[in-house]
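The next block holds one structure in the form of C-alpha cells; read it before the comments.
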Amino acid sequence: MLHVVPIFCGDRSDVLGPLAQRIAATFELDVEHRAPAFDPEVAFDASRGQYDSRVLLQHLRDTTPREATRVLGVASVDLFIPVLTYVFGEAELDGRSALISSFRLDNELYGLEPDPQLMFERLVKEAMHELGHTFALLHCRRSDCVMSSSTYVEGIDLKPDRFCDRCLRALRRKLGNSKIGRRR
Ligand SMILES: [Zn+2]
Ligand SMILES: [Zn+2]
Numbered sequence: 127m128l129h130v131v132p133i134f135c136g137d138r139s140d141v142l143g144p145l146a147q148r149i150a151a152t153f154e155l156d157v158e159h160r161a162p163a164f165d166p167e168v169a170f171d172a173s174r175g176q177y178d179s180r181v182l183l184q185h186l187r188d189t190t191p192r193e194a195t196r197v198l199g200v201a202s203v204d205l206f207i208p209v210l211t212y213v214f215g216e217a218e219l220d221g222r223s224a225l226i227s228s229f230r231l232d233n234e235l236y237g238l239e240p241d242p243q244l245m246f247e248r249l250v251k252e253a254m255h256e257l258g259h260t261f262a263l264l265h266c267r268r269s270d271c272v273m274s275s276s277t278y279v280e281g282i283d284l285k286p287d288r289f290c291d292r293c294l295r296a297l298r299r300k301l302g303n304s305k306i307g308r309r310r
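Those letters in the sequence shown? Residues 127 to 310, per our numbering, in order.
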C-alpha cells in the first residue's frame, strides 16, 4: 500500500490521480490518497523562503500508519536541503518515505510556455526515482535509466520513465515480484 499525500498542492492537485495510477502500475502497489496529518508550515525556512525537505520527509514518515509500506509526498513548494540550493525531491534509502515537488518542474519558472503534459512526465519520473531509492536503488550511471541523477530539469527530460535492466533486476529481487517495473 502506497499513501499519496499532497503538500500545498492547491490547483495542481488534479495531477495526483493520474500520477498515482502511473506509480501504482510501475510498482504494483495499491494507492490510497490521504491529507497530510501534520502542518507542512513547520518545514518553512523564512531565511531561504523554501521548505526543508528533511523536515517534511520526517513528518511524512512519522505520521504514516504502519499498513502503508510506502508514502509519497507530492509538494508544489520549493524544497531544499541545507547543502544544496534546491532539490526536486528526496527519499529514505531502503526506507518508507519519499517526497517530490512540482515547483521546479514547471516550464513557467524558466520563462517558458506552460506545458502541463511535460510537467506531468517530469513528475512521474521524479516519483519513480525517489520511490526507487526507497526500494534501495542507488543512483545509476546509465543515462537511459530513471535512477540516473538529475541536477537540472533538462536532465529529467533526457532520462526515460523506466528502469534499466540492472536496476529493474535489483527492484525485482527486493520485492520478489516479477511484475514490478513492467511498462504500463
Ligand atoms: Zn536520487
Ligand atoms: Zn539503472
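Quick reminder that beta carbons are idealized off the backbone N, C-alpha and C, glycines included. Small disclaimer: the values here were computed from a predicted structure and weren't measured.
By Cβ distance, which residues of its chain are closer than 7 angstroms to K300, with the 5 residues on each side in sequence left out? F261 and A262
Can you name, in chain order, every residue of its own chain whose Cβ lies under 6 angstroms from the Cβ of V213, other than the five neighbours on each side? S179, L205 and I207
Spatial distance of E167 from V209 (CA atoms): 21 angstroms
Let's see if you can read the secondary structure: which residues bound the beta strand (DSSP E) around R196? Counting along the chain, the beta strand (DSSP E) containing R196 begins and ends at R196 to A201.
Extent of the continuous alpha helix (DSSP H) to which A172 belongs: It is not in any alpha helix (DSSP H) - A172 carries neither H nor E in the DSSP assignment.
How is E218 classed by DSSP in three states: helix, strand or coil? In the three-state reduction of the DSSP assignment, E218 falls in the coil class, being assigned neither a helical nor a strand state.
Is S228 close to ligand 1? I mean its beta-carbon at under 8 angstroms from any heavy atom of the ligand. no
Going by the CB atoms, is the gap between V181 and I133 shorter than 9 angstroms? It is not a contact, given that the beta carbons lie outside the stated cut-off.
Could you spell out where the beta strand (DSSP E) holding P132 opens and where it closes? L128 to I133
L264 to S139, Cα distance in whole Å? Near 29 angstroms, if we compare the C-alpha coordinates of S139 and L264.
How big is the Cα-Cα spacing for A172 and G302? Cα atoms of A172 and G302: separation of roughly 44 angstroms, rounded to the nearest angstrom.
Can you name the residues that DSSP bridges to D178? F206
Considering only heavy atoms of ligand 1, does any lie closer than 8 angstroms to the CB of A262? no
Are the CB atoms of H255 and G199 nearer to each other than 9 angstroms? No, these two residues do not count as a Cβ contact at 9 angstroms.
Rounded to whole angstroms, what's the CA-CA distance from E247 to T211? Just pull it up for me. Going by the C-alpha atoms only, they are around 23 angstroms apart.
Cβ of A322 within 8 angstroms of any heavy atom in ligand 1? Residue 322 cannot be examined here, being either before or after the span of the chain that is shown, 127 to 310.
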